[in-house]
Amino acid sequence: MDYGRWLLQLSVHMLLVVRRIQCLRVTDINVPQIVDFRDNVTLSCSYDISGHTLNSVKWYKNGKEFFRYSPLTPPTYIPFAVDGVQLIDDGNECNESSCRVELNLLGIKSSGVYRCEVSGDAPHFQLTARDANMSVEALPQNNPLISSFHSMYRFDDFVQVNCSTDFSSLFTRIAWYINGVKVSLVDLLPSIETTIAAHDYNLRRIVSQLNFYANEPRFHQAQLQQLMLQRQQQPQQKRTISPARLGLELRCVAEIDRYPQLQREASMYAQLFRDDIDLKNQKLINSRSVATRGGHSIQLQQLLLLLLLWLLSGLVLVLAIRRNDFRQDNSAGDAWQPGNRN
């Protein structure tokens, strides 16, 4: 009894396997989830015909056919006019296992559900398909811009800094990080949104302002722990933990919900100083460093100028010598002319 049941289950399993092997199916569809309207896009699907004869491969947008591959009935490639879909000439490539099409001139009407449909020929005429959604938006092209942030601050300074996102048709949220610590909403002023209409999209830019004191302990906890660890590892070196050994690493992150791959960010760094004296000393050091680099540059320019003058003087000397030789040759020729027997 058990043996007969086992044979029955094995037979059913083998039948299902054989049926699956013989079934026409789309194995993969590659349609980007979101694209920028300024880009070209490639749509592709792969299929397994499993011994069937391929009759056609059709591409649809929102149920409307815009491309057909018919290997049995020429013309092989047949485009159809569909609003929002513009095929690139010579951008289509289809065969017995895959079909690829390329689109350009995208716009807001190019968004929708794209479908790859594969059909077999006689005698089974099997049909299979897979769908994927694509959104066409105006995506940010540049990283956010941090402004009003300086390279040096006193330890007790009140810092006010702005971050502006690039224009986008999608809602963008700004997150701030100071020395790796995410800033709370308490430190932020309400964001300012600017909207313009372009390319059939409403493009938005967000400006966020961050206010904080440079000496707030929550932003320096990790730095202090690292400095304390260094003191423990090197007890022979008596170092005091001063503001001059701390800094501010500011990071502005522009995030778009549901699309983490579109995240963009910008970062800047500032040194901290105890008081105005330390700050002025550092500025003096920086100015001397710039002056030293400028002095080296001036010396190099002077050296190149002297070299150029030396080359020009040498060239003038050579030309003068050649001119003198030429005159002497002409004088000797005139003295030798026939008839001169003096």
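Residues -23 to -1, 1 to 319, numbered by mature numbering (1 follows the signal peptide of the UniProt record, and there is no 0), are exactly what the sequence shown covers, in order. From the three backbone atoms N, C-alpha and C, an ideal C-beta is built for every residue, glycine too.
Membership of D5 in the beta strand (DSSP E) is indicated by the continuous run R2 to N7.
Comparing alpha-carbon positions, the option among L165, I183 and Y178 lying closest to V113 turns out to be Y178. The three-state reading of DSSP puts R15 in coil, since its state is none of H, G, I, E or B. With the rule of 3 Cβ pairs closer than 8 angstroms, the stretch 24 to 36 does not count as touching the stretch 182 to 195. In this structure, the beta-carbon distance from G89 to K35 does not fall below 9 angstroms. When secondary structure is reduced to three states using DSSP, R181 falls in the strand class. Rounded to the nearest angstrom, the gap between the Cα atoms of Y46 and L180 is 38 angstroms.
Bridge pairing for I155: V158 and L227 [DSSP].
Close CB contacts of A243 within its chain, under the 8 angstroms cut and outside five residues either way in sequence, are with N120, P121, L122, I123, C140, R228 and C229 (chain order). Beta-carbon to beta-carbon, D234 and L116 are separated by about 14 angstroms, too far to satisfy the 8 angstroms threshold.
Considering only L1, L239 and Q279, the residue with the shortest C-alpha distance to T105 is L1. Rounded to the nearest whole angstrom, the CA to CA distance from E170 to H176 is 19 angstroms. Every unbroken stretch of the beta strand (DSSP E) spanning 3 or more residues and falling wholly within the stretch 31 to 58 is given here in chain order: 31 to 38, 41 to 46 and 54 to 56.
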